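*Asks:* Residue numbers (this note's numbering), protein chains in the order written: chain V, 1 to 332; chain A, 1001 to 1332. Idealized CB from N, CA, C, for every residue including glycine. Values in this document were obtained by computation on a predicted structure and should not be read as measured data.
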């Protein structure tokens, strides 16, 4: 791959889908309005208008276009996906007691936890209305299942994060709930509404699933070896917040009794002293878990690209392939 | 009406629907299970198995039977309605910072707010899967709209509760969100799944809506004039928690400047002293707002009964009529 093809393919997607994304944004603004409860659009606007790459709704628009869709249900579905995403961010920030999101104070900080919980519920119910309007039971089934995977993954993350018994299988499930389930639902419903065949819908699911997993593994790896200037996060935030992610899970799996005691103290019990992050990084180095995690991310990106093979040869397909490269190119 | 017909009609409904309610309870237990996140069934069981009258799922079973339904989708819909109800209770207790529910410590107290938020989300997504299984877009539409009314009502309640500008129209909307929207969805979907005509479905909506409103107004009135032995609540809890309900809204509407200043201090600003509840009760007495609220509750119960007229003559219809009498009979 040359540098150009992996330069911000989501921006090239955004260019290609400008008028449809405009329609999605208009629909989002219309549907987040509430005649009676002004708190709702205030909170939603704070988050929705903070930007974000709108990757998920773009995936829905892109896959619908890949199959030559000419109706307008993909606009509704793209807005649906963005509403679900926004609702989960609102609830996540309450659960994680976060103070910042996308470089701005979180809604739970600006208003309160109550507003974040209830406005999240409202957006979820609005997304539900939007998808019902498409009249497609298949789409509803996909989104209902994705919602359950997301919610179960969140609960699992809450209980598994500091539990050293968490293995790679549990991690993968948390990652599916946290990121991949909505990516794969986004790509699937675009194809379904456009009348893609069963094989193609399956491929769209596999692409979205693998893309989401590659994306999240890359994020978790960058937490330990990223440049804080480009990631906007400090190295070791996950360690300090006692979040078990793949680089640590791989190190725990190979730990000597002394090393296990170290992870037990710092992650399970959360008793961290100066120098512990360096020691943790040393253990990851010792077992090569950062490199192994990096390989995993690249493997998932390859899986995503492989899934695209059964899809029609189309400009969009090329962009989706480049997007899979791009989410892991950050690791080079 | 004689005393017998208004004696606990929900218990007579429960008798009549025993085997179907058993099936609903089995389905609830199956669907609240999570292979991976044991926290989910723990939290759900705490609430679901604490009892409660299961009024909402019974309404769905009852209206399906009223139209001679012989399939099993009404079981799924009854479980759906109970899951939505349970999810809203979990989120409500977080928002209200409640410590007790149904005579037991709340989930947010026993576990934490995070668990209540995320398990609530999980139950909502499970309810969504259950309703999709019925394959009825009409049912999905009704439940999506009810969810939006519920969520909007909750946000409205949060922002309107201590605002003296809250009038009876806003109160009614909060009550619809809090109680009536799920009652009316419960009665409607039972009829829809059983193939009731449009007129009959409309009547089922009107019955559920009016029943829910009567029920909530009665609850709000009992807060000021109930016997704490039978209601299990202390007189004036809503006043102390600065919740504007109908008896106070009616008194505020007629207040002299001095009285308005009293409501302003005690409700809007929450500065309450000893004797304030008695003074508040005195003002409600002065303007007869407790009696007026009582009349409103009875009027809604009459509306509920009137809606039943177009429904088939059936044992269930008699029980639904008695139920409307029962929710306000507590006020005698």
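Report the rounded CA-to-CA distance for residue 1068 (chain A) versus residue 1271 (chain A), giving the unit in angstroms.
*Replies:* Going from the Cα of residue 1068 (chain A) to the Cα of residue 1271 (chain A) covers about 56 Å.
*Asks:* So the candidates are V:196, V:130, V:249 and V:66; which of them puts its Cα closest to the Cα of residue 169 (chain V)?
*Replies:* V:249
*Asks:* Please go through the region 229-267 of chain V and give each complete alpha helix (DSSP H) segment of 4 or more residues, from N-terminal end onward.
*Replies:* 237-240, 246-253 and 257-263
*Asks:* Could you give the DSSP three-state label for residue 1216 (chain A): helix, strand or coil?
*Replies:* helix
*Asks:* Put residue 941 (chain A) into one of helix, strand or coil per three-state DSSP.
*Replies:* Chain A is shown from 1001 up to 1332; residue 941 (chain A) falls before or after that span and cannot be answered.
*Asks:* Please name the residue, chosen from A:1246, A:1307 and A:1314, that lies closest to residue 1287 (chain A) on a Cα-to-Cα basis.
*Replies:* Of the listed residues, the one whose Cα sits closest to residue 1287 (chain A) is A:1246.
*Asks:* Three-state secondary structure (DSSP) at residue 38 (chain V)?
*Replies:* coil
*Asks:* My understanding is that residue 1177 (chain A) touches residue 1159 (chain A), with C-beta atoms under 8 Å, so please give their C-beta distance in whole angstroms.
*Replies:* That belief does not hold up - the Cβ atoms of residue 1177 (chain A) and residue 1159 (chain A) are roughly 12 Å apart, past 8 Å.
*Asks:* Quick one: what's got a C-beta closer than 6 Å to residue 1003 (chain A)'s C-beta in the same chain, skipping five residues either side?
*Replies:* Interpretation of residue 1003 (chain A) is limited by its pLDDT of 49, a score under 50 that renders its predicted location unreliable; the figure taken from the coordinates is listed afterwards. Once the five neighbours on either side are set aside, residue 1003 (chain A) has no close Cβ partner at all.
*Asks:* Of all the CB atoms in chain A, is at least one closer than 8 Å to the CB of residue 39 (chain V)?
*Replies:* So, interface residue.
*Asks:* Write down the C-beta distance between residue 1166 (chain A) and residue 1059 (chain A) rounded to the nearest angstrom, noting that I regard them as a contact closer than 8 Å.
*Replies:* The Cβ separation is near 29 Å, so there is no contact.
*Asks:* Please list the terminal residues of the continuous alpha helix (DSSP H) segment that includes residue 151 (chain V).
*Replies:* Boundaries of the alpha helix (DSSP H) around residue 151 (chain V): 137-160.
*Asks:* In chain order, what residues of the same chain have a beta carbon less than 7 Å from the beta carbon of residue 152 (chain V), not counting five sequence neighbours either side?
*Replies:* So the list reads 177, once near-sequence residues are dropped.
*Asks:* For the region 11-33 of chain V, enumerate the residues whose C-beta is nearer than 7 Å to any C-beta of chain A, in chain order.
*Replies:* none
*Asks:* Taking the CB atoms as reference points, tell me whether residue 1307 (chain A) and residue 1203 (chain A) lie closer together than 8 Å.
*Replies:* yes
*Asks:* Following the continuous alpha helix (DSSP H) through residue 20 (chain V), name the residue where it begins and the one where it ends.
*Replies:* 18-32
*Asks:* Tell me the residue span of the alpha helix (DSSP H) that contains residue 1293 (chain A).
*Replies:* 1289-1307
*Asks:* Pairs of beta-carbons, one from the region 1293-1309 of chain A and one from the region 1266-1281 of chain A, closer than 8 Å: are there three or more?
*Replies:* no
*Asks:* Here's the rule: buried if 16 or more other CB atoms are within 10 angstroms of the residue's CB, otherwise exposed. What is residue 1073 (chain A)?
*Replies:* buried
*Asks:* At 9 Å on the CB atoms, spell out the chain A contacts of residue 269 (chain V), in chain order.
*Replies:* In chain order: nothing, as chain A lies at least about 18 Å away.
*Asks:* Measuring CB to CB, does residue 329 (chain V) end up less than 8 Å from residue 207 (chain V)?
*Replies:* It is not a contact, given that the beta carbons lie outside the stated cut-off.
*Asks:* Figure out for me which residue from A:1126, A:1038 and A:1265 has the closest Cα to the Cα of residue 1078 (chain A).
*Replies:* A:1126
*Asks:* Could you name the residues of the region 85-97 of chain V whose beta carbon sits closer than 7 Å to any beta carbon of chain A, in the order they occur along the chain?
*Replies:* 91, 94 and 95
*Asks:* Taking CB distances under 8 Å as the criterion, tell me whether residue 1147 (chain A) reaches chain V.
*Replies:* It does; some Cβ of chain V falls within 8 Å.
*Asks:* On the three-pair Cβ rule with 8 Å, is the region 1078-1089 of chain A touching the region 1027-1036 of chain A?
*Replies:* Enough Cβ pairs lie closer than 8 Å, so yes.
*Asks:* Residue 1234 (chain A) to residue 1227 (chain A), Cα distance in whole Å?
*Replies:* 8 Å
*Asks:* Using C-beta distances below 8 Å, list every residue in its chain close to residue 1046 (chain A), excluding the 5 sequence neighbours before and after it, in chain order.
*Replies:* 1104, 1107 and 1110
*Asks:* Helix, strand or coil: which one does DSSP assign to residue 1312 (chain A)?
*Replies:* Three-state result, residue 1312 (chain A): coil.
*Asks:* Does the distance from the CB of residue 1193 (chain A) to the CB of residue 1014 (chain A) come in under 8 Å?
*Replies:* Contact flag unset, no.
*Asks:* Establish whether the CB of residue 1141 (chain A) and some CB of chain V are separated by less than 8 Å.
*Replies:* yes
*Asks:* What residues match up with residue 1057 (chain A) in a beta bridge as DSSP calls it?
*Replies:* Looking at the DSSP assignment, residue 1057 (chain A) forms no beta bridge with any residue, so it has no partner.
*Asks:* Between the region 1218-1225 of chain A and the region 1309-1323 of chain A, are three or more C-beta pairs nearer than 8 Å?
*Replies:* no
*Asks:* If we cut at 8 Å on Cβ distances, does residue 216 (chain V) have a partner in chain A?
*Replies:* At a cut-off of 8 Å between beta carbons, residue 216 (chain V) makes no contact with chain A.
*Asks:* For residue 367 (chain V) versus residue 277 (chain V), is the C-beta distance shorter than 8 Å?
*Replies:* Residue 367 (chain V) is absent from the structure shown; chain V starts at 1 and stops at 332.
*Asks:* Which residue comes first and which comes last in the alpha helix (DSSP H) that contains residue 1331 (chain A)?
*Replies:* It is not in any alpha helix (DSSP H) - residue 1331 (chain A) carries neither H nor E in the DSSP assignment.
*Asks:* With DSSP as the reference, please indicate the residues paired to residue 1105 (chain A) in a beta bridge.
*Replies:* A:1100
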